[in-house]
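Convert by adding 979 to the 1-based position in the sequence shown; the result is the number in the numbering used here.
Cβ atoms here follow ideal geometry from the backbone N, Cα and C, with glycine treated the same way.
Fair warning: this is a prediction, and the values are worked out from it, not measured in the lab.
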Amino acid sequence: MSVTKFIGRALLASIFIKNGLDHLQNPDPIVRAARGAEVPEPELAVKVNSGVMVGAGALLAAGLLPRAASLALATSLIPTTVIGHPFWDKDGKERAQQQGQFLKNLALFGALLYVSKE
């Protein structure tokens, strides 16, 4: 693997590893959002999603199984984005902030799809 690909994958993976660890250490806000979206077993869903972010993020950063890791992360981003950043339900400054986070996640999703096809 080239140095550029290694750095790119590591940087892409870093947000997932950090957020996954944060959600494992402080799951309450994420569990509340999942519960509000009527996700079945929200505590378990948050733990599984956080584990996917940490595990697949680590694999991607190391360059191990990059296709599978990037597809797992892309899949985990779908509910995370829709449940976590519903800008369509917000007004004013909060709407702009949530829309920015939603678009950031779409950009990450695109990057993960790109990596999955390498």
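Range covered by the alpha helix (DSSP H) that runs through residue i
| i | result |
| --- | --- |
| L1050 | 1045 to 1063 |
| V1010 | 1007 to 1015 |
Proximity to residue i [Cα-Cα], best of the options
| i | options | result |
| --- | --- | --- |
| L1000 | P1021, A1035, G1015 | A1035 |
| P1058 | A1012, P1045, A1086, K1096 | A1012 |
| I1062 | K1072, G1015, L1003 | G1015 |
Outcome for residue i when other beta-carbon atoms lying within 10 angstroms are tallied against a minimum of 16
| i | result |
| --- | --- |
| S1055 | buried |
| V941 | As displayed, the chain neither begins before 980 nor continues past 1097, which places residue 941 out of reach and without an answer. |
| F995 | buried |
| V982 | exposed |
Cα-Cα separation, residue i to residue j
| i | j | result |
| --- | --- | --- |
| K1111 | A1037 | Because the chain here runs from 980 to 1097, residue 1111 falls outside it and cannot be looked at. |
| E1017 | P1006 | 16 angstroms |
| N1084 | S1029 | 16 angstroms |
| L1050 | L1091 | 7 angstroms |
| R1074 | G1089 | 22 angstroms |
| W1067 | P1021 | 22 angstroms |
Nearest-angstrom Cβ-Cβ length linking residue i and residue j, presumed shorter than 8 angstroms
| i | j | result |
| --- | --- | --- |
| I1009 | V1033 | Between V1033 and I1009 the Cβ distance is about 14 angstroms, and since that is not below 8 angstroms, they are no contact. |
| R988 | L1039 | 5 angstroms |
Residue i at chain D interface by Cβ criterion, 8 angstroms
| i | result |
| --- | --- |
| F995 | Of the protein chains in this structure there is only one, and it is not chain D. |
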